[in-house]
Each structure stands twice: as structure tokens, then as C-alpha cells.
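Okay, so here's the structure we're looking at.
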Amino acid sequence: MDFKKIGTVAAGAAMIGASLVTPVLAGMDSTGIDTSFFYDSSYMPKVQIVVGEKANAGGPDDFVTAGNIAATVGNLAYMEEAATAGGGAAGATGKVLIETAALGAIGEYIQDTDVEISADFYDQDDAFPQYQFSDSSKTYEPGDFTQYAISCDTEELSEATVLQTMSSNNIHCLFCHTLCLEALENPSHTMKEKLYIDPSSMWYYENGIGKDDPEYLEMALEEQSIKYILKAGWIPMQKMISASGTGSDAWVDFEYRGKMLFFGKEYYVKEIDGEDKIILADGARLDDITSEGYTSEYKGYKFKIDHLIYSGEYVVAGILLTVQKPDGTEVQRQISKMGNAVVDQLEISGVYAESSGGVETASIIVYDIENQLVLEDDEFLTIGDETWTGWKVGVDAVPCNGSNDCETDITQYKGLGANNNLVLDQVTVTLTEDVDEGQDDELWHALRIGDDFDIPGDFKLTFKGYMSSAFREAVCSGDGEGNIVVAPGEEPYQVVVGLTDEKNNRYDLRLDNGPFEESGDEDAFLINGKMYQFIDVSLDDEDDDNLDTYEVDLKPVGSGSKQEITLYHMCDTETDNESANAYACNVGLTNGQPDAGTDPGEYDAANQPCSCEEIDEVVFRTVALSDAFNDDDCSLNKAGDEEVEKDASDLFWANVTVNDVEMVLIYDAGDDDIIMSLKNPWGTSAYNHTKPLLLVDPDLATPIKDGVVSTFDDFENSGSELDLWVERELDLDIYNITACGDSEGVDINDDEDLDDLLIYAENEDGERVVIDMSERSQGDFGDDDYSHSVGVYTTECLVNGSNGGSANECVFADPATNKTYNCTNVSFSDCVLQDDIYSNVITTKVIDDDQDSILYVPEGGDTYTIDWGTDNEITSVEICHPQSAVDSTFFIGTQEEETVVYDEITEADVGNTISAGCCEFTVSNFTMEASGGDGTESYTKVTVNDVGNLVVSEIGADTTKNLVIVGGPVVNGMSTVTPEELEASPDKYIVSKDGNKIMVAGYLASDTREAGDQLIQWLKENAH
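Take any residue in the sequence shown, count from 1 to its spot, add 31: that is its number in the numbering used here.
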């Protein structure tokens, strides 16, 4: 991709410092540059090569340049010194690292890829279900989530372990039950997490049109659309007792006190309260508590046994613990069958205790109760002091019997008594609130682009708006240069489109027919859907003024050959009005024939029977977009329409064909500008106009040929095109320029005007937006607002069968062919017919009031931002058109953050093509050798430094170091060169020092590589 403005060369910068003896390098100013900029005294590199954040937009050149410079700096990172040895060699080692920013994420991106435009999109309630993200739900299990590493618009996927599985056994509190461990069963309980997401209950829409609130793209969720599920592995909710035994001999298992999985973390079950309440806490089991001193600690707290408490001979009933706090103070707490001990935010329970050989030992569980979790059926989740309102817990306790898989999964639980067999099947946490625009609480308000919706645990849902299939944010056409902007021009009849083309050059494209002065770099006009520039004009001066000609050069932008056009005098400059062949004449054409003898095809002005003196001035009439008439008198007071007078003796013209459009091209030698006009834009109607018009002429800018519009589509894109064209509701052949409007026009955009100029923009998905910045009946002294608008429209044919139309066809009123088109296969304007055949304009959504400013289209993701003036007048429309196909997207997972990807270049890569930093390049050299012969010889010892990471992005640059800035200001925000300097540079690139930075930039991306090569040459010749 071609960058128009990258960097510049300072004028006259070609002087080498006095201490250097190498030849001058063209375009490089080495003033102030020496080896110490790149290396320390040991030749360890101390420089970073910085690639711009927007370098991707221009292709691989900047990355290649940075990689080549880094490889050279690494190559030269060695120290030479004299040494002696018995022969040998020293080979270069080390590596160069190239750093590339990447998007890292753990979760899943979900997109709506099946979209059609509808008015329902512009209302939250109506948008469901058409704009739901999917028509089905999904339950994620361990291994289903994805770990993304996205860079260079590609993605690397790997399995991410977010949802967990865990197996755990019970912890039997023998201290409490005085039972031998061997008498109990202790099966393993396998737990598995799941996350249920229902995209069919999630949808998106535009909110705010027709309201006082701003417009936003929003996402709504219905209750029940998110649910966390823990399959609990049948953990016992009570003491498990066999149906066949009696007393303690029938005990199978105790109420569960082991570990439990919840939202990816392991907790201890601190308490089970009945059938529907479980309390979890962080904690630790400490098995080596003794009476001999502090042997175990948890969170800074240390524990030792003061003494055991007995209820009878050798029956331990409690423990008196001494607890040392983190601050060193000691407290004593008692654990017994009656209750646990509490110290600050810790709760302590006993597992077992015994005394042997005079030493008392115990096992305890220490719980951190500050953030304990309360899971109570049909209540909101509680974590510490925080209640997660809107997230209800379900505790599903069931009997372990043949009605489920409990006895199959846990064979030890077969044959339990009916009153002692309650186990936990699953725990759920379910969203029980709607998330939509009707919620007053911000916690539950509809999500806007970038908003996170927190889910208990570490999960979140983020509405991303429109993203590419590689899950990158939509990049607008013109990114870095400016979005597409449609606005009135300097004159009231002009329309200008500011755009960046496919070669990344910026233009102001006029849609009218002139006058145009010689084009600057960013000036262009439109002929048959293609940009052209007026690049040169030259006079062929003959002895006879009537034989003088001008050559006008028109050049298509992008591709195509320059067209050299010869223009001739419009009138006889040497014959006065008293000559025999001079008579009153008008300038124009009637029915394809010259009026009064004037003929743009006549090469010799002496053969023109019209005298320039007789004509005197040619008057052009402008057709303004708005304010054409005063409300008090439509026929006379034309406030916006003006007359432009041209001296006839200065005018040169010819019949020409440019880009398949036949026209009259006029050059004004006095004002040094050109005007384009079709051969027959005036004089054929009943009003018999004789003045040529200055206006936006669809038949010149974007004509319709064989039912197909010649649209303009040269917008910067990466596969997602945008078409632009213009239409008039009133055909110019019947345009009554002396009246407020005409009943024969077709009100295409349903605004009660019949003579609008409409600007169409259609994306690759067929979504068509109409911009109306015209209102010719608005008067200077009227109180009414302008009827300007930006809207999305569709059409439907209403056919009465006349003029050849059948039940499903409409006839395009083309008097030359009377061709018939099917309404579903032709452009919008072709189906809006005249005479006896009509189509029905269906308004999808229109913004026609200054309380609204943003219009989204749902499938292509284009955004239209309107700038309003006074009286409801549109002053500009900015279009963000995604360069690649996008879809509405949300992210569900645990994290989404920028990461860094490193690519390594070593000696082994020499001669190979490697991928690094979003591009491929060949490593030509990396090796340095120094060797001696046989025996003891003097040789040069080479010590090669490990250079590490040299290439960084802007965000990774260390501004305290010396920096080589690759690329100009368009792609690299750290560049200090200016576009103006570039235009003064004969070499089209710059290499010069600015403080602790060296600028390496070029006019084109390829010029930046040339600049890098110059710096590399300097390094090779001066580093050692």
C-alpha cells in the first residue's frame, strides 16, 4: 500500500561530520551521528528501533526496514581486541528479537453473521429476535474456551483451562465423632464446572434516534441468558447412614467438609445448613500442629497446642490453642465439639487430636471468613459483605438412590437409608435480571460498545460492537488520515467528498462540473465514477488569434493514462459585430445542434459565425443545493442560484469523450479554469433555457448505463467496498429553474420535495444510505427548517401493468430503449419510475432532525455522523466505513488484554525467509568470524554481545534510550519530520538526527526502505 505522506528530508542536508572520511550518502545527514549513538564502550547496543503503531496499514516495508536495521546493529555488536592463541576461530553468536503487539484473550468471541437490514434495528424491543446473536444456546465445559493470540490480523488458537474439574474427598472430623477412620467410606467426588450462555436471548440495536438522548449501539440481555453450573459430584449434605446397619456401625460418610470447586477456585466447605444452604471459605488444612512450638502458619498466623481437653479417659473433647498474630501478639482460643474458634477474620475447626510420648499433636482447618461465600437456594449469591443482586443461587440437593446416577457414580453410597441419603447434585448461579435500556440502575443498563458486564468469579461479558472475523476493532476507511466526509463545497451548488483512496492518498473529490483550477495533490473531480485531476494547460500561440489553441491535460487518479485535449476558440475574436457574417447568437445547443452557429466541434474560430464582441459574455447559471428561492416569490428571487459571467473571448471549447462520457469541455483562459458540461444539459425543455448550468450533474459524475449506475468505489478498504453515486429527483431535461419545484419530480426520499439532489452510499452488504443536503424551496426570510436528512431506504414496486409492466416488473422510463427491469435486480433509482408506473419507497430509518446525529447500518457496521448547522441544515456527514467485513460481536470469558509476541533471529536464520513482526523477509547475513592459523599466532579476538530485543512498537519504546524512528508522522507518532519538508526533498527520504532520535522516513513506504538502507550502509562503514 502506498503512503502519500510519510516523512521528509531537510533541505540541503547532505554534510558528513568532519571526523568521518566515508563518502557522502545521498539524502542522508550524518551530522551528530557517531558510533556512541548505537553502542556503549563494549559495543553493547543501547538503541531501540521503533516501528509505528499504524505501520501495518502500509504493508510490510516499515517492519522490513526495522528488521534490517536491527539485524545490522546486532551483526556489528562485537568487540575486537588483539590476542594470541594456537589457531582457531571466533564465530558470531547472539540473537535479535522483534516485538509485535498482539491481542490476548481467554474466552470466546460470538458474532452475528446472518443479518438483514430492517427498521426493527432502531428499537430495542423490535430488534429482538431479528438481531439476536444466535438462534441457539451453548453450554461450555472444561476445555471449550479458547486462548487467543491475535496479531497481524491473524489468530492463533489454543485450548484454555478456564472452567475446571476437580476431585476431592471428605475431611472426616473424628475429633467430633470419636470414630475409627477405617469404619468410614471416603469416596472421591468429581466436580465439573460449566457455563451456559444463550446468545438467542442477547441482541443489539441502535438506541436514541427520535429521543433527546444521544445515539448508541447497544446490547441487551434477557434474564436466564447466563448461568454458571457446578456438577458437585454427589457430595454428602448430611451424615450418610446405611439402611442395613445400626448405630455407628451403619455410618458410611459424614456431612461434607472437604474441598469444593466454585467459579474456578477451590474452597473448603465450612458449613452445610439443612438442605439448601452451603457456606464456603478459603482456607488450609494444617496437619502438624504440636505442643512443642509454632510449626505451621496461615496468612501470618501461627498455631501451637497449649493442651488438650478430655471429656473422659483418653477421649479428646477439645483443644486449647495458642495463636500468634502477624503483629506478634498471642491469644488463646478453644476448639470443642460445641463450636469453632475465631481469631480476627479466621475461623478454626478441629479434625483430630492425640497425645503420644508426652507430645500433643492435632490437625485443624483454618478458614478465612472475611470473604466466605454463602450459597443459599433461591437467594442472591453472597461473597463476604457483597451481595450479587440479580444472580440467584440454586442448590439442588437430591436423594442418592435409583432415581439418578448417584449410586452408579459413588458405589459406596448404595443402600443408604431414606432419611440419610441427601447429596448435592449441582449448584447454579443464574442471571435473574434483564439488561436493557429500560433499567434505571447502571448495573443493569444496556451495554454500549466497550462496556463490561461482570459475572461472578472472574468471568465477564463485553460488548465489542463491530469487529472483523479476526476479532479486531473495525478500522474505518481513511484511518489515520480522516474518515469519509460528505459536505457542501465553497459554492452553494458544490458537493465535496473527503476520502482516502485505495493507495492511501487523501483527496477532496468534487461532484459538480466546475469550474476547476489546476489540481493540487489532494484535489479531484468525478467523471463516470472515476476521479480525475486537471494537471496542466498549455497555449499553442499562433499568429492568428483565431487559430490559438489550448491543450488541457486530464489525468485519472490511480490508474489510466493522461488525456491531452485540444480546445478551440468559442467565438470569432477578430470579426466585429458589424461584419457580414456576424449576428446575434446564443451559446448553447438545441436538439443536439449549435444555437446560432456556435459549434464546439469547429476548430477554426474564424469559421464561427458568432463574433466574440456580439456574444460579449457567456452566463452560466448555478443550481444551488439549498436556498434557491425566496418564499415570497419563487419565480424571481433566487437566493442561492447565481449567475457566473465568463468573457466569451477567453473561452476555448471542444466536443470530447472522457472516460466514456461525451461532453463539452470549456477552458477559461482568463480565470485559468475548466468547466465540464454534457452536450445537452440545457435548452431542450419547454422552458428553453439558454444558459449552461453549474451543478452536480449525475449524468456526468455517475451516469446510469443500461440500467447500471457507474458508481465511485475508490475508497481505502481491505476487501469491503463502498459505492457512492448521485441522483436527482427531477430530470435536468425538465428542470424548471425559475420555480420552487416541479410536479413531475419523484419524491424518492419521501420528504415532500420533488427536486432534491441525493447522494447515495451503499456498502458491500447492499445497505443503502441516502444523504439529502438540498432544499431549494427554503427562502432567505422563511421560518421553516431545512428538510435535510440522512436515511436508509428500501423500495417495493407497485405496478399497474401499463407500458409493458407485468405483475412483478416495473418499467424504467428510458425513452431511448424503454427497457424493462425487475425491481429486485436494479438500483434504487431505477425502480422509482415516472409516468404511469410507480414504486413504493419504504422508509427504513431517517434522521431528519438535529436532535439525532448518528446512524448505524446493522450488517455492514457503517456509521454516519451528522454535523448540524442552524435551522436543521446538514453541514457535513462523516462516514466510518469498515475497511474489512465486520459483524456485531461480544466477548465472553475471563480476560482480554494486549500482549507482546516475540520473534527471534539468529545466525541459523541466514539465507532463510522468516516470519517476524507481521511480515516475511530474508536474513542475508548474521555471522562474524575471526581465525588464526596453525600454532601460536596473533589474531583479532571478537567478542559478540547478546543484543536482546531491539525492535519495539511505539508503546514499548523507552524514551530514555537512543531511538531510531522508522516511518513518518502518518504511521509513527514519534516522528518529528513534517510533510512540508518532504516536498522539498529531491531524494524522497530522510535520515537525520534529532536529539536522542534518528529519523528514518520516506515519501513512499519503499522510500522508507531506501532510507533504512542508507543508515545500514553508514553503520557498516563506520561502526568499527
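Every residue gets a Cβ at the ideal spot worked out from N, C-alpha and C, and that includes glycine.
Cβ separation of residue i and residue j, assumed to be a contact under 8 Å, to the nearest whole Å
{"i": "residue 652", "j": "residue 724", "result": "5 Å"}
{"i": "residue 1031", "j": "residue 1022", "result": "6 Å"}
{"i": "residue 732", "j": "residue 542", "result": "5 Å"}
{"i": "residue 141", "j": "residue 923", "result": "7 Å"}
{"i": "residue 498", "j": "residue 918", "result": "7 Å"}
{"i": "residue 267", "j": "residue 298", "result": "The pair is not a contact, with the Cβ atoms about 17 Å apart (cut-off 8 Å)."}
Enclosing alpha helix (DSSP H) for residue i [first to last residue]
{"i": "residue 155", "result": "155-158"}
{"i": "residue 578", "result": "Taken as a continuous stretch (DSSP letters only), residue 578 belongs to no alpha helix (DSSP H), as it is neither H nor E."}
{"i": "residue 102", "result": "92-106"}
{"i": "residue 437", "result": "437-440"}
{"i": "residue 1003", "result": "Note, residue 1003: premise wrong, no alpha helix (DSSP H); not H, not E."}
{"i": "residue 749", "result": "Per DSSP, residue 749 belongs to no alpha helix (DSSP H) and is neither H nor E."}
{"i": "residue 656", "result": "Neither: residue 656 is in no alpha helix (DSSP H) and is coded neither H nor E."}
{"i": "residue 1043", "result": "1036-1053"}
{"i": "residue 730", "result": "729-732"}
{"i": "residue 596", "result": "Looking at the DSSP string, residue 596 is not in any alpha helix (DSSP H); the run it does join, the beta strand (DSSP E), is 594-600."}
{"i": "residue 645", "result": "643-646"}
Length of the line joining the Cα atoms of residue i and residue j
{"i": "residue 1029", "j": "residue 782", "result": "59 Å"}
{"i": "residue 154", "j": "residue 822", "result": "15 Å"}
{"i": "residue 78", "j": "residue 989", "result": "9 Å"}
{"i": "residue 501", "j": "residue 256", "result": "26 Å"}
{"i": "residue 364", "j": "residue 372", "result": "6 Å"}
{"i": "residue 101", "j": "residue 511", "result": "27 Å"}
{"i": "residue 246", "j": "residue 878", "result": "11 Å"}
{"i": "residue 752", "j": "residue 559", "result": "18 Å"}
{"i": "residue 69", "j": "residue 993", "result": "7 Å"}
{"i": "residue 383", "j": "residue 330", "result": "22 Å"}
{"i": "residue 407", "j": "residue 311", "result": "11 Å"}
{"i": "residue 243", "j": "residue 880", "result": "11 Å"}
{"i": "residue 355", "j": "residue 293", "result": "31 Å"}
{"i": "residue 977", "j": "residue 72", "result": "15 Å"}
{"i": "residue 746", "j": "residue 238", "result": "29 Å"}
{"i": "residue 778", "j": "residue 903", "result": "20 Å"}
{"i": "residue 221", "j": "residue 265", "result": "8 Å"}
{"i": "residue 604", "j": "residue 914", "result": "54 Å"}
{"i": "residue 2", "j": "residue 137", "result": "In the structure displayed, the chain extends from 32 to 1055; residue 2 sits before or after that span and is not available."}
{"i": "residue 235", "j": "residue 152", "result": "8 Å"}
{"i": "residue 596", "j": "residue 708", "result": "15 Å"}
{"i": "residue 231", "j": "residue 983", "result": "43 Å"}
{"i": "residue 735", "j": "residue 741", "result": "6 Å"}
{"i": "residue 785", "j": "residue 658", "result": "15 Å"}
{"i": "residue 554", "j": "residue 521", "result": "13 Å"}
{"i": "residue 29", "j": "residue 470", "result": "No information on residue 29 is available, as it lies outside the stretch 32 to 1055 that the chain covers here."}
{"i": "residue 378", "j": "residue 431", "result": "31 Å"}
Whether residue i touches residue j by CB criterion (8 Å)
{"i": "residue 748", "j": "residue 946", "result": "no"}
{"i": "residue 1003", "j": "residue 81", "result": "yes"}
{"i": "residue 1063", "j": "residue 493", "result": "Because the chain in this structure spans residues 32 to 1055, residue 1063 falls outside the shown range and cannot be described."}
{"i": "residue 685", "j": "residue 647", "result": "no"}
{"i": "residue 654", "j": "residue 676", "result": "no"}
{"i": "residue 403", "j": "residue 261", "result": "no"}
{"i": "residue 892", "j": "residue 795", "result": "no"}
{"i": "residue 455", "j": "residue 428", "result": "yes"}
Residues that DSSP places opposite residue i in a beta bridge
{"i": "residue 479", "result": "249"}
{"i": "residue 76", "result": "70"}
{"i": "residue 449", "result": "Bridge partners of residue 449: none, in fact."}
{"i": "residue 364", "result": "352"}
Segment limits, beta strand (DSSP E) that includes residue i
{"i": "residue 242", "result": "Taken as a continuous stretch (DSSP letters only), residue 242 belongs to no beta strand (DSSP E), as it is neither H nor E."}
{"i": "residue 228", "result": "220-228"}
{"i": "residue 507", "result": "It is not in any beta strand (DSSP E) - residue 507 carries neither H nor E in the DSSP assignment."}
{"i": "residue 144", "result": "No beta strand (DSSP E) holds residue 144; DSSP gives it neither H nor E."}
{"i": "residue 417", "result": "417-430"}
{"i": "residue 686", "result": "682-689"}
{"i": "residue 980", "result": "979-984"}
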